[in-house]
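One structure is given here, and the rest of the page talks about it.
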Amino acid sequence: MNQKKIIQRLKTISLFGMSQILSVFSVLLLSFIIVKYHSVELWGEYAELLIWYNVFLLCLSFGNNDYLLKSFSKNPSSINQKWTNNLLSRSVLLLPSVVLIYFVPVFNGLEIILFLLILFQFLTQSFKVLIVYHRKFSFNIWAELTYNLALIFCVFYWMDSLNLKYLLISIIIAQGIKLLLFSSFLLKGFRKISLQFKVSELKKSTLFFIPLAVGTFRTKIDAYYGTHFFSVTNLSKYQIFLSFLALAQMASSFVITPYLKNFYRSSNSVISKVKKRFFIYGWGFAIILTLLMYVVISKIYQLEFTFQQYGLAFIFMIPLFLHVLLVSEYYKKDQQNKIAQFASIVVLFQVVVGYFLIKYFGINGALILKVFGQWAIVIVLWLWIRKKKNND
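What follows is the structure, encoded as structure tokens:
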């Protein structure tokens, strides 16, 4: 590979990584502003709501990113029509969401605001696959920066009277601005598109949604139990800690995602070499991220976590690169159902054991549960695909 091509790939990876990290950075920045200039309790209230709000977004996404990215790779000439069909098909899921919002206790009194926020996020989230496929990462960075600036301005504007309601309205305003930017830039080439509602779109994406849903539940069980067992202050602290782990997960995926369409065409031998290499890289990655977490959380946020808790974060981060590659390999081989099956077994164990771990060991128990879930799924996925190759 010549130097020019290497530089171009590094540039693409860097731009994609920066564009993805900005979305997590906005959560960290918002948490810092609220904790620093208002109260830990308000961030705890928002963190509790955010956990359940993300469940709605997960269901509304219905695995569209992975499904569409693979579909685009196979049929690049029908991208715009395929994307439109998928969006219209998924929009039907907004109807049960309206009903369910009224049954979530934490949403009480905020139902209309929450629906607007979910609607805006549903729409902006739908554009992400177009950004990844067309590699419009520079534009995405500009859009995310605009979103963050709008959000910060609104929060400081209402700072004296800031509460959960005004915080959510601030996010809606910022999301609305981002939606306008996405629409005006990414829909320019959409001409002669027919509006078609196809149930088949939901059926096809189900195979991508199920492993995504089970996998998300697997990684969020500690947070779900935390809303029940943790005080508002501890939940706020733990949510900030989790934001850094989410940043690590995102950073581990941005090296792979821009080149998934190439990955799907790679040979088994190439994929095996890449997996081994990135498992080794994971150790250095975990060391750097853990040190960064410690400096930012202890010195900037001025929150205290134990050496054991940072150690568990380090162990959690080691296999993140390998996990991304294994999941992509299963998608390549159309084995999404296997991911769902294996993750379901891990989830079942986590649900039972997690209750006692978090009830009696608090944040330590939550992190132990998180570490177990990450390593268990990586080991199971690796063992099964290795066994399958040997049998073949």
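When you line the sequence shown up against my numbering, it's residues 11 to 402, in that order. Just so it is clear, CB atoms sit at the ideal spot from N, CA and C, and this is done for glycine as well. Only a predicted model underlies this, so the values are computations on that prediction, with no experimental measurement involved.
Continuous alpha helix (DSSP H) stretch holding T156: start and end: F147 to Y167
From what residue to what residue does the alpha helix (DSSP H) around G73 run? First-last for G73: undefined, no H or E at that position.
DSSP three-state label for F113, please. coil
Exposure label - P86; buried when at least 16 CB within 10 Å: exposed
Check the Cβ-Cβ distances between L140 and every residue of chain D, and say whether any is below 8 Å. Considering every chain present, this structure includes no chain D. It has just one protein chain.
Less than 8 Å between the C-beta atoms of K202 and S99, yes or no? no
Among residues of its own chain, excluding the 5 on either side of F130, which ones have a beta-carbon nearer than 7 Å to its beta-carbon? I182, Q185, G186 and L189
For R201, does the three-state DSSP call read helix, strand or coil? coil
Got a sec? Which residues, its chain only, sit under 6 Å from Q206 by beta carbon, not counting five neighbours each side? N95
Cβ-Cβ distance between W394 and F331 below 8 Å: no
Would you mind working out which of I31, W62, E51 and I373 sits nearest T226, comparing C-alpha positions? The option with the nearest alpha carbon to T226 is W62.
Measure the alpha-carbon distance for Q384 versus A376 and round it to whole angstroms. 13 Å
Are the beta-carbon atoms belonging to S101 and I128 less than 8 Å from one another? Taking a C-beta distance under 8 Å as the contact criterion, S101 and I128 do not qualify as a contact pair.
Buried or exposed: which applies to E3, given that a residue is buried once 16 or more other Cβ atoms fall within 10 Å of its Cβ? The first residue shown for the chain is 11 and the last is 402, placing residue 3 beyond what the model contains.
Give, in chain order, every unbroken run of the alpha helix (DSSP H) that is at least 4 residues long and sits entirely within the stretch 273–309. Runs of the alpha helix (DSSP H) inside the stretch 273–309: 278–305.
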